[in-house]
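Worksheet for the structure shown next.
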DNA sequence: GTTACGACCTATCATTTCGATACATCAGGC
DNA sequence: GCCTGATGTATCGAAATGATAGGTCGTAAC
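Protein chains in written order, with my numbering: chain A, -2 to 203; chain B, -2 to 203.
Structure follows, in structure tokens:
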């Protein structure tokens, strides 16, 4: 869901549409596109349902006197209702959360969720991908001789990509479990995968 | 383009919609979805523009006498116009050919193109991805400290995926160049592009 | 100074695509 | 006999896309 991403970004700082787009396509990288044709309608919806409001930043540096700007940047800020809505979206870790498009967004805002949800999503995603690996491997075995080189190479590469992502998920899950363990004096430093999680110490609000 | 994929598959053998979908999502694996909502309209378009025709397979085994089937499978076959159209699509290796969605389809049907086109598409794709790598790396360097662990990890993983695909492309390009070399007594027979299109083993089963 | 240019930023719209669903046939299990 | 799941064709509302238009601002060339 796109609302999710917008609320998640707006939770960190007020922003206008153009910047939202830049951040999002930077954060999600190759995962997701996000065109203006979906962003601005989404902002309109969120605004009309009260999850975000416009945010007039005093005198934004350069506005002469009472000079009213005709159509400048429109900075949005998240409201209390918006935070509530965001928490709903963060909490729901249904089967749709581990689909290709959705997972990236969920993951990008893992810092705002609790460890239970994180683990549930990571494991759901892993299962999803392992199913896919199974399907691909079966298909490869079945049709190996009947396909030309390029099709075969495409399938091989696709399979390898998915397997790699499974391995990535496994590392993440291991880390997640390790940092959740209450006992274990095993963590003065682990060579493995850093995990300097300052970020989650205070929480307090979010 | 979806027409491309349909024509490409139909060029190998006549098929009905359901099978087209299965093949395509098997061939393109995780790359592309292809829902019925786009497949059937596409078949209709191709049919009405004369690129494909229905293919009545005699008495398809199980039809009692004159028993007219209400709505069975509809097998399509590519026509001469369709092959022409397919060749146009195969030849055009414009900047759109190395976009994420399109590249997979093009690659899957590399066997039906010439070596020049293959190389042009592969190299275009590589350039495209290298640009992306540059952008991601720049973004990572710029924001390394300001991001939380998960966002960082997401970007890192995304970058690694793209870099891996660039390496894959490099191998393919190298192979392609090596097999294209005109000297080199390594080609008593050309493995290249066959064209014995007998539509081997006339279906038999679906 | 003023003009031009490129960046920043909001916005819309026709076309395409998805996801879900309806409906129908058929094979096999129990 | 009945039920379930695979096979198949087809459509529809709801979304997203890609292209594009248009407005503002800083700045550098002339």
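Beta carbons: idealized from backbone N, C-alpha and C, even for Gly. These numbers come from a predicted model, not from an experiment.
Inspect the CB distances between the segment 32 to 50 of chain A and the segment 73 to 85 of chain A and report whether three or more fall short of 8 Å.
With a cut-off of 8 Å, the segment 73 to 85 of chain A and the segment 32 to 50 of chain A count as touching, because enough Cβ pairs lie within range.
State the CB to CB distance for the pair residue 151 of chain B and residue 163 of chain A, rounded to an integer number of angstroms; the pair is presumed to be in contact (CB under 8 Å).
That pair is no contact at about 16 Å.
Compute the beta-carbon to beta-carbon distance between residue 148 of chain A and residue 105 of chain B, rounded to the nearest angstrom, for a pair I have assumed lies under 8 Å.
Their Cβ separation, rounded to whole angstroms, is 6 Å, which keeps residue 148 of chain A and residue 105 of chain B in contact under 8 Å.
Compute the beta-carbon to beta-carbon distance between residue -2 of chain B and residue 86 of chain B, rounded to the nearest angstrom, for a pair I have assumed lies under 8 Å.
With a Cβ gap of about 7 Å, residue -2 of chain B and residue 86 of chain B count as contacting.
Taking only runs that begin and end inside the segment 84 to 157 of chain A, name each unbroken alpha helix (DSSP H) of 4 or more residues, in chain order.
97 to 105, 112 to 140, all fully within the segment 84 to 157 of chain A.
Could you give the C-beta distance for residue 159 of chain A and residue 126 of chain A, rounded to a whole number, given that I count them as a contact under 8 Å?
About 6 Å separates the Cβ atoms of residue 159 of chain A and residue 126 of chain A, confirming a contact at the 8 Å cut-off.
Can you tell me which residues form a DSSP beta bridge with residue 12 of chain B?
Per DSSP, B:73.
How long is the line joining the alpha carbons of residue 114 of chain B and residue 9 of chain B, rounded to whole angstroms?
Using only the alpha carbons, I get a separation of about 20 Å.
Which residues in the same chain as residue 36 of chain A place their Cβ atom closer than 8 Å to its Cβ, once the five residues preceding and following it in sequence are excluded?
Only -1, 3, 14, 17, 18 meet the Cβ criterion.
Quick one: Cα of residue 22 of chain A to Cα of residue 31 of chain A, how far?
Straight-line Cα distance between these residues: approximately 7 Å.
C-beta contact flag for residue 93 of chain A and residue 103 of chain A at 7 Å
No.
Please identify the residue among B:1, B:176, B:169 whose C-alpha is closest to the C-alpha of residue 80 of chain B.
Cα-wise, what sits closest to residue 80 of chain B is B:1.
CB contact check: residue 24 of chain B to chain A, cutoff 7 Å
It does; some Cβ of chain A falls within 7 Å.
CA-to-CA distance, residue 156 of chain A to residue 133 of chain A, given in whole angstroms:
Cα to Cα, the separation comes out at about 6 Å.
If we cut at 7 Å on Cβ distances, does residue 88 of chain B have a partner in chain A?
For residue 88 of chain B, not one C-beta of chain A is nearer than 7 Å to its own C-beta.
Let me check one thing: in DSSP terms, what residues is residue 50 of chain A bridge-paired to?
The partner list for residue 50 of chain A (beta bridge, DSSP) reads A:74.
How big is the Cα-Cα spacing for residue 5 of chain A and residue 82 of chain A?
Approximately 10 Å between the Cα atoms of the pair.
Mind listing which residues of the segment 78 to 112 of chain B have their C-beta closer than 8 Å to chain A's C-betas, in chain order?
For the segment 78 to 112 of chain B, the residues whose beta carbon sits under 8 Å from a beta carbon of chain A are, in order, 97, 101, 104, 105, 106, 107, 108.
Can you name the start and end residues of the alpha helix (DSSP H) that residue 35 of chain A belongs to?
Looking at the DSSP string, the run of the alpha helix (DSSP H) that includes residue 35 of chain A is 33 to 45.
With H, G and I counted as helix, E and B as strand and the rest as coil, what does DSSP make of residue 171 of chain A?
Reduced to three states, the DSSP call for residue 171 of chain A is helix.
Please report whether the beta-carbon of residue 151 of chain B lies at a distance below 7 Å from any beta-carbon of chain A.
Taking Cβ atoms only, chain A reaches closer than 7 Å to residue 151 of chain B, which makes this a yes.
Using a C-beta to C-beta distance shorter than 8 Å, which residues of chain B count as neighbours of residue 148 of chain A?
Among the residues of chain B, those whose CB is under 8 Å from the CB of residue 148 of chain A are 24, 105, 108, following chain order.
So, helix, strand or coil for residue 25 of chain A, using DSSP?
DSSP places residue 25 of chain A in coil when its eight states are reduced to three.
For residue 30 of chain A, the three-state DSSP class (helix, strand or coil)
In this structure, residue 30 of chain A counts as coil in the three-state DSSP scheme.
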